[in-house]
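Just so you know, the sequence shown maps onto residues 8 to 158 in this note's numbering. Working notes, beginning with the structure itself.
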Amino acid sequence: MKILVINGPNINMLGIREPGLYGNQSYPALIEFIEKSAAEAGAEVECFQSNHEGAIVDKIQEAYGKTDGIVINPAAYTHTSVAILDALKAVSIPAVEVHISKVSEREDFRQISYAGKACIKRYEGLGFEGYRQAIFFLCDKLTEKTVESKE
Ligand code: DQA
Numbered sequence: 008m009k010i011l012v013i014n015g016p017n018i019n020m021l022g023i024r025e026p027g028l029y030g031n032q033s034y035p036a037l038i039e040f041i042e043k044s045a046a047e048a049g050a051e052v053e054c055f056q057s058n059h060e061g062a063i064v065d066k067i068q069e070a071y072g073k074t075d076g077i078v079i080n081p082a083a084y085t086h087t088s089v090a091i092l093d094a095l096k097a098v099s100i101p102a103v104e105v106h107i108s109k110v111s112e113r114e115d116f117r118q119i120s121y122a123g124k125a126c127i128k129r130y131e132g133l134g135f136e137g138y139r140q141a142i143f144f145l146c147d148k149l150t151e152k153t154v155e156s157k158e
């Protein structure tokens, strides 16, 4: 099982940016947490972070035929990027949306999620834990599918 974890703009600034919202732990600490979670779930994981919308679109396209599931925190692009939504739809790889903060309780302009329209589940407000739950959810879901398709 191969999982691609994509983080959008400013997630590389974790630990520095708005710690009241995003916590004190750094981006390298998040990667360590994700790698540990994937190992527990028995999945192979690749982590990717970019501050550039097109680079995220490229990464999603490259995942076609290579990745079983995508965990994505598009960060600010969540609320603006039809291009990321279209890329997720184009590859049809099961995707789960994650947000570190509780976006649903924040500003009005954060209430639209374009990427979320192509995701099968959303975790928000759980900090790093959301990534772990997303990985486990995808692994369960993808295993179910494999079993079903063998019947
Ligand atoms: C975020 C929430 C977004 O609204 C914000 O732009 C981010 C991070 C989160 O993880 O809580 O950069 O995706």
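In this text, a Cβ means the ideal position worked out from N, Cα and C, and glycines have one as well.
Cβ distance (whole Å) where glycine 76 is taken to contact proline 35 below 8 Å | Counting from 1 along the sequence shown, the entry for residue 76 is found at position 69. Counting from 1 along the sequence shown, the entry for residue 35 is found at position 28. The beta-carbon distance between glycine 76 and proline 35, rounded to whole angstroms, is 23 Å. This is too long to meet the 8 Å contact definition.
Quick one: residues in its chain with C-beta nearer than 6 Å to the C-beta of phenylalanine 55, no 5 flanking neighbours on either side, listed in chain order?
-> Within the sequence shown, the letter at position 48 stands for residue 55. So the qualifying residues of the chain are Ile13, Lys66.
Straight-line CA distance for methionine 8 to isoleucine 142?
-> Here the question's residue 8 lines up with position 1 in the sequence shown. Here the question's residue 142 lines up with position 135 in the sequence shown. For methionine 8 and isoleucine 142, the distance between alpha carbons rounds to 10 Å.
Mind checking whether the beta-carbon of valine 105 lies closer than 8 Å to any heavy atom of the ligand DQA?
-> Taking the first residue of the sequence shown as 1, we reach residue 105 at position 98. With a threshold of 8 Å, the Cβ atom of valine 105 counts as near the ligand DQA, since some heavy atom of the ligand is closer than that.
Decide if serine 120 is buried, meaning its Cβ has at least 16 other Cβ atoms within 10 Å, or exposed.
-> Counted from its first residue, the sequence shown places residue 120 at position 113. Buried is the label assigned to serine 120, since at least 16 other Cβ atoms lie within 10 Å of its Cβ.
Would you say alanine 141 touches the ligand DQA, meaning its beta carbon is less than 8 Å from a heavy atom?
-> Within the sequence shown, numbered from 1, the residue matching residue 141 stands at position 134. Because no heavy atom of the ligand DQA lies under 8 Å away, the Cβ of alanine 141 does not count as near it: no.
Alpha carbon to alpha carbon, how far is alanine 171 from leucine 11?
-> A query on residue 171 cannot be resolved here, the shown segment of the chain reaching from 8 to 158 and no further.
Per DSSP, asparagine 80 forms a beta bridge with which residues?
-> Counting from 1 along the sequence shown, the entry for residue 80 is found at position 73. DSSP output for asparagine 80 lists Asn14 as bridge partner(s).
Mind checking whether the beta-carbon of asparagine 19 lies closer than 8 Å to any heavy atom of the ligand DQA?
-> Against the sequence shown, residue 19 aligns to sequence position 12. Because no heavy atom of the ligand DQA lies under 8 Å away, the Cβ of asparagine 19 does not count as near it: no.
Member of Phe135, Asp147, Leu28, Val103 whose CA lies at the smallest distance from the CA of glutamate 39 = By 1-based counting over the sequence shown, the position of residue 39 is 32. It is Phe135.
Helix or strand or just coil, what does DSSP make of histidine 106?
-> Walking along the sequence shown from the start, residue 106 turns up at place 99. Correct three-state label for histidine 106: strand.
How long is the line joining the alpha carbons of histidine 106 and glutamate 131, rounded to whole angstroms?
-> What you label residue 106 is simply residue 99 of the sequence shown in a count that begins at 1. What you label residue 131 is simply residue 124 of the sequence shown in a count that begins at 1. If you take the alpha carbons of histidine 106 and glutamate 131, they lie about 5 Å apart.
As assigned by DSSP and simplified to three states, the class of glutamine 68 = As a first step, residue 68 is located in the sequence shown; it is residue number 61 there, counting from the start. Glutamine 68 falls in the helix class under three-state DSSP.
Pick out whichever of Gly27, Ala45, Pro81, Lys43 has its Cα sitting closest to the Cα of asparagine 17.
-> Taking the sequence shown and counting its residues from 1, the one referred to as residue 17 is at position 10. When each option's Cα is compared against that of asparagine 17, the closest is Pro81.
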